[in-house]
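Take a look at the structure below.
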Amino acid sequence: MNLKSGWNRRSFLSTLGAATGSLFANPKLHAAKSKASAHGVDGSPIVPITSGLGSTGDIYAELGVKPLVNIVGTVTVIGGSVMKPEVMELIRRGNEHFVLIDELEIAAGKFIAKLCKSPEGYTGLVTGGAAAAMVVGYAAMMTEDLEPRMKQVPDTTGFPRTEVIIQKSHRYNFDHQIRQTGAKLIEVETREEMIAAINPKTLAIHFTNIQSNMGKVSGPETVAIAKAHNIYTFNDASADVPPKERLWEYPAVGFDMVTFSGGKDICGPQASGILIGKEELIRWSLLNMSPQEDRIGRCCKVGKETIFGLLKALELFVNQDYDAVLRMYDARAQVITDAVKKFGVTALPRKFDPQALGNVTPHYSWQIDQTKLKITAQEVMQQLADTPKLGIGSFGAGAAGMRGRNPDAPQHPEGEAPRPRRNRPAPDPTTFGFAVWQIKDGEDKFIADRLVEIFKAAPKA
Ligand SMILES: *Cc1c(COP(=O)(O)O)cnc(C)c1O
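Note that the UniProt record's numbering gives residue 109 to position 109 of the sequence shown, counting from 1, and the numbers run on in steps of one.
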């Protein structure tokens, strides 16, 4: 596989093979894990568990599930990201009291707006993920604060405005969350078509930030068109921080609502998200969401512990020194580079585009000298994934999530046929690589040791 060029998390997932294991079986790793650091998990037990689930110290093995070392990125199918000890502590403390959830949400929104330097008249909302933010956000635009409409969604019969304009190139798996509110997508390609599509039923223009380079209408142009016609704009920037500045830059462009995932590199609770938007729209969003009942967003519940955890994660994220974080990633890659160089495997220059649209993170790769070793990059990645007890990577067919049966699909002997992807370069057999941003303390050494094993066992050329 060629991870050197054209790398993205989805193509990585679709090319990487089987895997799995137990981190806790490695005493060295376990020791490293327990010291708190920028990306450590809080391994300190609140209370010792002496019986039942959790009593062996390896909860994954107790359920017969193999954990993974994440060299893929902040992908939900393998758990997204891990929370820092401070976040875990606030989750614990958030559990100490009962509280009116609406009151807590409104206060949390103000905290988010201040932290994220939101424009005057904007506030925040903690949602059950960025996808949930889209559901409650689009419901809010259609229902406003009208009780009968909120009860009626997703049946939008009689609603004055239900059409959402989207650039064809911005269609994606998450527009399901717009459609599930009963809103109707109207596809356009050009700026002229966008303007021509606007009519009295038009509610909003949706902007898919991570695909904005594929579209013909930019964010600022979209906002200008919408403002001129008095319709809303929603920017899905779920995976697009870091850089943290986007938390304030995108709302400042004038989007009425912007969402960011809480469970990606913000490293908040996995099922959390942030919605930043105009105060009125955020109030209507909360009206369409849990804890309220008989609402489309009742299934988008966030608990008090999630709210506190997300706020702490966001605070840590906004205040972190990203240069120091980058140096930490470089140091991890260096551990691997140092370990494999004796096999003639050399590090290629780090790939990092700080202005990339999403999943902004350095990517490291290494080149195998084919005159020394007879092993392909693909085989190396497969063997990493197949590491006993603790898989390094992701897990083949399941890496894209489970799929239902498609009665119309042609039969494929291996299960699901690989989906063709545009612009995928032919795999380079000499170069393997991955992202180190979601690996935890000690796992750089674990990966390095495994690579040494793999290269030691590889046939000499
Ligand atoms: C991850 C992602 C989402 C969903 O975010 P969650 O917080 O997992 O609900 C939506 N849109 C895009 C572009 C994403 O990458």
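Backbone N, C-alpha and C define an ideal beta-carbon position, used for all residues, glycine too.
Relative to ligand 1, is the shortest distance from any of its heavy atoms to the C-beta of T76 smaller than 6 angstroms? As a first step, residue 76 is located in the sequence shown; it is residue number 76 there, counting from the start. T76 Cβ: within cutoff of ligand 1.
DSSP three-state call for L68: helix, strand or coil? Counting from 1 along the sequence shown, the entry for residue 68 is found at position 68. Of the three classes helix, strand and coil, the one that applies to L68 here is strand, per DSSP.
Name, in chain order, the residues that DSSP records as bridge partners for L104. For the purposes of this step, residue 104 is taken as residue 104 along the sequence shown, with counting starting at 1. Per DSSP, none; premise fails for L104.
What distance in whole Å lies between the Cβ atoms of F207 and T233, which are believed to be in contact at a cut-off of 8 angstroms? Position 233 of the sequence shown, counted from the start, is the residue given in the question as residue 233. Position 207 of the sequence shown, counted from the start, is the residue given in the question as residue 207. Indeed, because the Cβ distance is near 6 angstroms, the residues count as touching under 8 angstroms.
Which residues in the same chain as Y172 place their Cβ atom closer than 7 angstroms to its Cβ, once the five residues preceding and following it in sequence are excluded? The residue labelled residue 172 in the question sits at position 172 within the sequence shown. Counting only Cβ-Cβ distances below 7 angstroms, and skipping sequence neighbours, we find T208 and Q211.
Which of helix, strand or coil DSSP assigns to E163: Taking the sequence shown and counting its residues from 1, one reaches residue 163 at position 163. E163 falls in the strand class under three-state DSSP.
Have a look at L53 and A339 and give me their C-alpha separation to the nearest angstrom. Counted from its first residue, the sequence shown places residue 53 at position 53. Counted from its first residue, the sequence shown places residue 339 at position 339. Approximately 38 angstroms, taken between the alpha carbons.
Which of helix, strand or coil does DSSP assign to E96? Counting from one through the sequence shown, the residue named residue 96 turns up at place 96. It is coil, neither helix nor strand.
Cβ-heavy atom distance between A239 and ligand 1 below 6 angstroms? The residue given as residue 239 occupies position 239 in the sequence shown. Checking every heavy atom of ligand 1 against the Cβ of A239, one is found closer than 6 angstroms.
In angstroms, rounded to a whole number, what distance separates the CA positions of P27 and G273? Residue mapping note: residue 27 aligns to position 27 of the sequence shown, counting from 1. Residue mapping note: residue 273 aligns to position 273 of the sequence shown, counting from 1. At P27 the pLDDT is 41, less than 50, meaning the model places this residue with poor confidence and gives no usable figure here.
Applying the criterion that 16 or more other CB atoms from any shown protein chain within 10 Å of the CB defines a buried residue, is G401 buried or exposed? Residue mapping note: residue 401 aligns to position 401 of the sequence shown, counting from 1. Classification for G401: exposed.
Which residues mark the beginning and the end of the alpha helix (DSSP H) in which T143 is found? Position 143 of the sequence shown, counted from the start, is the residue given in the question as residue 143. It spans A130 to T143 - the alpha helix (DSSP H) in which T143 sits, taken as one unbroken run.
Opposite residue 538 in the DSSP bridges: which residues? Residue 538 lies beyond the residue range present for the chain, which begins at 1 and ends at 461; the question has no answer from this structure.
Excluding the 5 residues preceding and the 5 following E112 in the sequence, name in chain order all residues of the same chain whose CB lies nearer than 8 angstroms to its CB. Taking the sequence shown and counting its residues from 1, the one referred to as residue 112 is at position 112. Going by the sequence as given, residue 112 is Ile instead of Glu. These residues qualify, in order along the chain: S118, T123, G124, L125, V126, I274, I276, L311 and L314.
By alpha-carbon positions, which one of S365, Q292 and Q367 ends up nearest to E103? Stepping through the sequence shown from its first residue, residue 103 is reached at position 103. Closest option to E103, Cα to Cα, is Q292.
Cα-Cα, which of D444, K351 and E221 is closest to I392? Counting from 1 along the sequence shown, the entry for residue 392 is found at position 392. Closest by alpha carbon: D444.
Assigned exposure category for A19 - 16 Cβ within 10 Å defines buried: Indexing the sequence shown from 1 puts residue 19 at position 19. Interpretation of A19 is limited by its pLDDT of 33, a score under 50 that renders its predicted location unreliable; the figure taken from the coordinates is listed afterwards. With 16 or more other Cβ atoms within 10 Å, it is buried.
Thinking just about the alpha-carbon of each residue, which of A385, V318, I178 and A461 is nearest to the one in L373? If you number the sequence shown from 1, residue 373 lands on position 373. Nearest C-alpha to L373: A461.
Could you check whether E163 and L203 sit closer than 7 angstroms to each other, using their CB atoms as the reference points? Stepping through the sequence shown from its first residue, residue 203 is reached at position 203. Stepping through the sequence shown from its first residue, residue 163 is reached at position 163. Cβ atoms of L203 and E163: closer than 7 angstroms.
Please tell me whether, using a cut-off of 6 angstroms, the distance from the CB of D175 to the nearest non-hydrogen atom of ligand 1 is below it. As a first step, residue 175 must be located in the sequence shown, where it is residue number 175. No, since every heavy atom of ligand 1 falls outside the 6 angstroms radius drawn around the Cβ of D175.
Got a sec? Which residues, its chain only, sit under 7 angstroms from F174 by beta carbon, not counting five neighbours each side? Translated into the one-based positions of the sequence shown, residue 174 becomes position 174. Closer than 7 angstroms at the Cβ level, and outside the excluded window around F174, lie A131, M134 and D236.
Where Y172 falls: helix, strand or coil (DSSP): Here residue 172 is taken as the residue at index 172 of the sequence shown, counted from 1. Three-state result, Y172: coil.
Over what stretch of residues does the beta strand (DSSP E) that includes K278 continue unbroken? Locating residue 278 in the sequence shown gives position 278, where the first residue counts as 1. G273 to K278 is the span of the beta strand (DSSP E), which, as asked, contains K278.
Can the beta-carbon of G219 be found closer than 7 angstroms to that of V241? Looking up residue 219 in the sequence shown gives position 219. Looking up residue 241 in the sequence shown gives position 241. Not in contact: G219 and V241 (Cβ atoms no closer than 7 angstroms).
What would DSSP say about S365, mapped onto helix, strand or coil? For this step, residue 365 is matched to residue 365 along the sequence shown. DSSP places S365 in strand when its eight states are reduced to three.
Would you say the beta carbon of S212 is closer than 6 angstroms to some non-hydrogen atom of ligand 1? To locate residue 212, count along the sequence shown from 1; it is residue 212. Incorrect: S212 has no Cβ contact closer than 6 angstroms to ligand 1.
Whole angstroms are fine: how far does the CA of L451 sit from the CA of Y322? Within the sequence shown, the letter at position 322 stands for residue 322. Within the sequence shown, the letter at position 451 stands for residue 451. Approximately 28 angstroms between the Cα atoms of the pair.
Could you tell me which residues DSSP pairs with T123 in its beta bridges? As a working note, residue 123 is residue 123 in the sequence shown. Partner(s): G277.
Which of the three DSSP states is assigned to A61 in this structure? Stepping through the sequence shown from its first residue, residue 61 is reached at position 61. Three-state result, A61: helix.
Using C-beta distances below 7 angstroms, list every residue in its chain close to Q180, excluding the 5 sequence neighbours before and after it, in chain order. Stepping through the sequence shown from its first residue, residue 180 is reached at position 180. Here the set comprises V135 and P154.
Kindly examine ligand 1 and report whether one of its heavy atoms sits closer than 6 angstroms to the Cβ of S261. Sequence index remark: in the sequence shown, residue 261 carries index 261 (1-based). For ligand 1, at least one heavy atom lies less than 6 angstroms from the Cβ of S261.
Three-state secondary structure (DSSP) at A347? Translated into positions along the sequence shown, residue 347 becomes position 347. In the structure shown, A347 sits in a strand (DSSP, three-state: E or B).
Mind checking who E187 pairs with in its DSSP beta bridge? For this step, residue 187 is matched to residue 187 along the sequence shown. DSSP output for E187 lists I166 as bridge partner(s).
First and last residue of the uninterrupted beta strand (DSSP E) at G433: By one-based count along the sequence shown, residue 433 stands at place 433. G433 -> beta strand (DSSP E) spans T431 to F434.
Relative to ligand 1, is the shortest distance from any of its heavy atoms to the C-beta of G129 smaller than 6 angstroms? Position 129 of the sequence shown, counted from the first residue, corresponds to residue 129. Yes, ligand 1 has a heavy atom inside 6 angstroms of this Cβ.
Determine contact between the stretch 264-272 and the stretch 75-89, defined as no fewer than three beta-carbon pairs at a distance below 8 angstroms. yes
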